[in-house]
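Student:
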Amino acid sequence: MSKDKPGNKKVNNNLRMSHDSYFKKSMSDIRVARDFFTHNLPAEVVEKVDLTTLKPTKDTFVDRDLKQYLTDMLFTVNIDKEESYLYILIEHISSTRHASNLLPFRINHYVFKILEQYINHTENSQNKEKPTTEIKLPLVLPILLYHGKQSPYPYSTDMYDACYHKELAKKYMFKLILIDLTQKSEEELHKQGYAALMQYALKVVYVRDIVKELEEYVIIKSEFEYYDKDQKLTFIGYLIYRADSEDTKGVLEVFEPHLTADEKEDAMTIAQRLRQEGRQEGEHTGFEKGIARVVANMLSEKFSATDIAKSTGMDISDIKRMRSDPKDSD
794 MSKDKPGNKK VNNNLRMSHD SYFKKSMSDI RVARDFFTHN LPAEVVEKVD
844 LTTLKPTKDT FVDRDLKQYL TDMLFTVNID KEESYLYILI EHISSTRHAS
894 NLLPFRINHY VFKILEQYIN HTENSQNKEK PTTEIKLPLV LPILLYHGKQ
944 SPYPYSTDMY DACYHKELAK KYMFKLILID LTQKSEEELH KQGYAALMQY
994 ALKVVYVRDI VKELEEYVII KSEFEYYDKD QKLTFIGYLI YRADSEDTKG
1044 VLEVFEPHLT ADEKEDAMTI AQRLRQEGRQ EGEHTGFEKG IARVVANMLS
1094 EKFSATDIAK STGMDISDIK RMRSDPKDSD
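Here the working numbering is used: position 151 in the sequence shown is 944, and no number is missing along the way.
#1: Nearest-angstrom Cα distance between Val1011 and Lys1005?
#2: So for Tyr1031, helix, strand or coil by DSSP?
#3: Go through its chain and collect everything with a Cβ distance to Tyr1031's Cβ below 7 Å, but skip five positions before and after it.
#4: Per the DSSP calculation, Thr864 is bridged to which residue(s)?
#5: Which residues mark the beginning and the end of the beta strand (DSSP E) in which Tyr939 is found?
#6: Within 10 angstroms of its Cβ, does Ser877 collect 16 or more other Cβ (buried), or is it exposed?
#7: Cα separation between Leu808 and Lys860?
#8: Under a Cβ-count criterion, where at least 16 other Cβ atoms within 10 Å of its own Cβ denotes burial, should Leu930 be classed as buried or exposed?
#9: Applying the criterion that 16 or more other CB atoms from any shown protein chain within 10 Å of the CB defines a buried residue, is Tyr903 buried or exposed?
#10: In angstroms, rounded to a whole number, what distance separates the CA positions of Arg1116 and Ile1029?
#11: Please report the distance separating the alpha-carbon of Thr853 from that of Thr975.
#12: For Lys817, which residues in the same chain have their Cβ closer than 8 Å to its Cβ, ignoring the five residues on either side in sequence?
#13: Can you tell me the Cα-Cα spacing of Lys851 and Glu927, whole angstroms?
#14: Three or more C-beta pairs closer than 8 Å, one from the stretch 1012-1024 and one from the stretch 973-990: is that the case here?
#15: Could you give the C-beta distance for Ile1003 and Val1044, rounded to a whole number, given that I count them as a contact under 8 Å?
#16: Helix, strand or coil: how does DSSP classify Ser821 here?
#17: Rounded to whole angstroms, what is the Cα-Cα separation between Phe1048 and Ser949?
#18: Among Arg1001, Gln985, Leu1052, which has the Cα closest to the Cα of Glu1018?
#19: Find the nearest neighbour of Ser918 within the set Ile881, Pro945, Lys1095, judged by alpha-carbon distance.
#20: Grouping DSSP H, G and I as helix and E and B as strand, with all else coil, what is Asp843?
#21: Are Ala1064 and Ile1033 closer than 9 Å when you measure CB to CB?
#22: Taking buried to mean at least 16 other C-beta atoms within 10 Å of its own C-beta, is Ile1165 buried or exposed?
#23: So, using beta-carbon positions, are Thr869 and Thr845 closer together than 9 Å?
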């Protein structure tokens, strides 16, 4: 049997090259990548993109159980002089374990992972003395390269085609429906029936003089007796808990004329328990200040808010507030 000539082993390895490695090796050649994007991106993107800034990254975002079906590459590039991303995936074969019509959803999931990575990097690299209060997200363009046996590509590339109520999904699914209680009047809330009381409480809870604000709420007091006992006591308990200690009595006095004797007794009991809890919480103030100092130190060392929350148990929103306003850690 003849022996392989020198170099044959390398040739044979290349012949056994997988879709995955061939695609990545080819697109890692910046000449190939530039020409590929020049001729395949939408014209309006090509007009704005500066492909001289194109750079491949080593990041991958495809879920482990889908790697045999999908390969991805992420490139950074400037679009209108702002750093952006071109995210390309190649589909090798259709998965029998995963619904193919959900591929647009999965790709969008990967886009959000790219954005999350960008946000974490931006937060960790911020100047601790002047933290950014607003982070602008980069443009991420997802691209699917298909080379399957079935032609043309047999599935929709629109994620909303996989949704029930497609038109409603397109209109509302990724656009927040904002309910701004700071802009709603007592009259507007009053029209919402049983949902009104909860919103009244949430609306007034940050007012500086909560008792004065409640005294001006004519409609809620006039109809307070129509709510059931549980609703009344939950409402009063929440306001007492959130109010300053000197306002506790005032909150009770506002609603006392609209409570039955039984309800008054229960409301007083709730107030006493909350005051007791307040005293107990005061005993933990020193401990909480210690935690705040730990968080401040971790922020100064560029730990992410997520990692700090895991380490200290502090709510992630409080950590982010401390980052934006270091005085909160005093």
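Just so you know, even glycine gets a beta-carbon here, dropped at the ideal spot from N, CA and C.
Tutor: The relevant details are as follows:
#1: Each residue's Cα considered, the two are about 12 Å apart.
#2: Helix, per DSSP.
#3: Cβ-Cβ distances below 7 Å link Tyr1031 to Ala994 in the same chain, with the five nearest sequence neighbours on each side left out; the list follows chain order.
#4: DSSP, once it has assigned bridges, lists Ile883 as partnering Thr864.
#5: Start and end: 933-939.
#6: Classification for Ser877: buried.
#7: Bear in mind that a pLDDT of 44 at Leu808, under 50, signals an unreliable position, so the number given afterwards is only what the model happens to contain. The alpha-carbon separation between Leu808 and Lys860 amounts to approximately 21 Å.
#8: So Leu930 ends up on the exposed side.
#9: Buried, since its Cβ has 16 or more Cβ neighbours within 10 Å.
#10: The straight-line gap from Cα to Cα measures roughly 33 Å.
#11: Here the C-alpha atom of Thr853 lies approximately 43 Å from the C-alpha atom of Thr975.
#12: Excluding residues within five positions, the ones whose Cβ falls inside 8 Å are Thr864, Met866.
#13: CA-to-CA, the gap between Lys851 and Glu927 works out to about 27 Å.
#14: Touching, yes, given that three or more Cβ pairs across the two stretches are closer than 8 Å.
#15: Confirmed, Cβ separation roughly 7 Å.
#16: Coil.
#17: Taking the Cα positions, Phe1048 is about 58 Å away from Ser949.
#18: Residue Leu1052 is the option with its Cα nearest to Glu1018.
#19: The shortest C-alpha separation from Ser918 is found at Lys1095.
#20: Three-state DSSP puts Asp843 in a strand.
#21: Yes; because the gap between Cβ atoms is below 9 Å, this pair is in contact.
#22: Given a span of 794 to 1123 for the chain in the structure shown, any question on residue 1165 remains unanswerable.
#23: A distance of 9 Å or more separates the beta carbons of Thr869 and Thr845.
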